[in-house]
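**Q** In our numbering, the protein residues as written are 210 to 362.
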Amino acid sequence: RLAPPYKAARCAVLTGLQTQVSRGLNNSTDRPGSDLFMTAMDLVATGTETAVISRWNVGGRTAIDLGIEFIKDRQRETLRDTPLPAAVSWQRAVDLITAEKPDFEREPRIKITNSVIPQNAKHPFFWAGYTLIDCGVLHASANTTEGQAEPVE
Numbered sequence: 210r211l212a213p214p215y216k217a218a219r220c221a222v223l224t225g226l227q228t229q230v231s232r233g234l235n236n237s238t239d240r241p242g243s244d245l246f247m248t249a250m251d252l253v254a255t256g257t258e259t260a261v262i263s264r265w266n267v268g269g270r271t272a273i274d275l276g277i278e279f280i281k282d283r284q285r286e287t288l289r290d291t292p293l294p295a296a297v298s299w300q301r302a303v304d305l306i307t308a309e310k311p312d313f314e315r316e317p318r319i320k321i322t323n324s325v326i327p328q329n330a331k332h333p334f335f336w337a338g339y340t341l342i343d344c345g346v347l348h349a350s351a352n353t354t355e356g357q358a359e360p361v362e
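Rendered as structure tokens:
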């Protein structure tokens, strides 16, 4: 039986990853999505339980803040007896960050014109380019054999 690595990151946030989709749908390869899938499987194979992976590089302060808020929320959840799913932490981070006005000086991919200045980061550009991969919350029960765990529903 293959055991997980001795040391592994439980949570990984890759906000600067650029996948094939960042080049546009017309320039897709023979296997669209394989880059995202292989990245996710590589992380899971190394023992990562939760990962947030960007599909395109937003590249600004909002992306960094999303990652920071997500990790802070996951750290708080690990202290609870029954942690909430990672999707709840991600939604909290998105809700928190999208309510704020972005610092456009620190958003290199956004070009502001005088006619349109967004008041918050609710535009999907800031938050929709991420994929959340989560193995779920596992716990051992009396009915399982040693070394096995059951997913929590």
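Ideal Cβ placement from N, Cα and C applies to all residues, glycine included.
When the Cα of VAL222 is compared with those of ARG240, PRO241, ALA272, which residue comes out closest?
**A** Against the sequence shown, residue 222 aligns to sequence position 13. Closest option to VAL222, Cα to Cα, is ALA272.
**Q** Among residues of its own chain, excluding the 5 on either side of ALA351, which ones have a beta-carbon nearer than 7 Å to its beta-carbon?
**A** Here residue 351 refers to the residue found at position 142 of the sequence shown. At ALA351 the pLDDT is 48, less than 50, meaning the model places this residue with poor confidence; the figure from the coordinates comes in the next sentence. If we look at ALA351 and ignore the five residues flanking it on each side, it has no Cβ neighbours.
**Q** In three-state DSSP terms, what is THR248?
**A** By 1-based counting over the sequence shown, the position of residue 248 is 39. The answer is helix: DSSP assigns THR248 an H, G or I state.
**Q** Less than 6 Å between C-beta atoms, sequence neighbours within five positions excluded: which residues of the same chain meet that for GLN300?
**A** By one-based count along the sequence shown, residue 300 stands at place 91. None.
**Q** Runs of 4 residues minimum, wholly inside the segment 274-331: which ones carry the alpha helix (DSSP H) assignment?
**A** As far as the segment 274-331 is concerned, its whole alpha helix (DSSP H) runs of at least 4 residues are 295-307.
**Q** For the putative contact between ALA254 and ILE262, defined by C-beta atoms under 8 Å, what is the C-beta separation to the nearest angstrom?
**A** Position 45 of the sequence shown, counted from the first residue, corresponds to residue 254. Position 53 of the sequence shown, counted from the first residue, corresponds to residue 262. So it is not a contact: roughly 14 Å between Cβ atoms.
**Q** For THR228, which residues in the same chain have their Cβ closer than 6 Å to its Cβ, ignoring the five residues on either side in sequence?
**A** Here residue 228 corresponds to residue number 19 of the sequence shown, with the count starting at 1. Only ASP244, LEU245, ARG264 meet the Cβ criterion.
**Q** When you compare each of ALA218, GLU316, THR291 to ARG270 by their alpha carbons, which one comes out closest?
**A** The residue given as residue 270 occupies position 61 in the sequence shown. Taking only the C-alpha atoms, the option nearest ARG270 is GLU316.
**Q** Three or more beta-carbon pairs under 8 Å between the segment 290-298 and the segment 320-330, yes or no?
**A** Counting Cβ pairs under 8 Å, fewer than three are found: no touch.
**Q** In chain order, what residues of the same chain lie with their CB nearer than 8 Å to the CB of ASP251, ignoring the 5 residues before and after it?
**A** As a position in the sequence shown, residue 251 is number 42, starting the count at 1. Once the five neighbours on either side are set aside, ASP251 has no close Cβ partner at all.
**Q** Look at the Cβ atom of ASP274, then the Cβ atom of SER298, and state whether they are nearer than 8 Å.
**A** Numbered from 1 along the sequence shown, position 65 holds the residue referred to as residue 274. Numbered from 1 along the sequence shown, position 89 holds the residue referred to as residue 298. Contact flag unset, no.
**Q** If VAL267 and PHE335 are in contact, beta carbons under 8 Å, what's the gap, nearest whole angstrom?
**A** Position 58 of the sequence shown, counted from the first residue, corresponds to residue 267. Position 126 of the sequence shown, counted from the first residue, corresponds to residue 335. About 7 Å; that satisfies the 8 Å criterion.
**Q** Helix, strand or coil for VAL253, going by three-state DSSP, please let me know.
**A** The sequence position of residue 253 within the sequence shown is 44, counting from 1. Of the three classes helix, strand and coil, the one that applies to VAL253 here is helix, per DSSP.
**Q** The alpha helix (DSSP H) with PRO333 in it runs from where to where?
**A** The residue given as residue 333 occupies position 124 in the sequence shown. It spans 333-336 - the alpha helix (DSSP H) in which PRO333 sits, taken as one unbroken run.
**Q** Which partner residues does SER263 have in the DSSP bridge list?
**A** Numbered from 1 along the sequence shown, position 54 holds the residue referred to as residue 263. Bridge partners of SER263: TYR339.
**Q** Please state the DSSP three-state secondary structure of ALA217.
**A** Stepping through the sequence shown from its first residue, residue 217 is reached at position 8. Coil.
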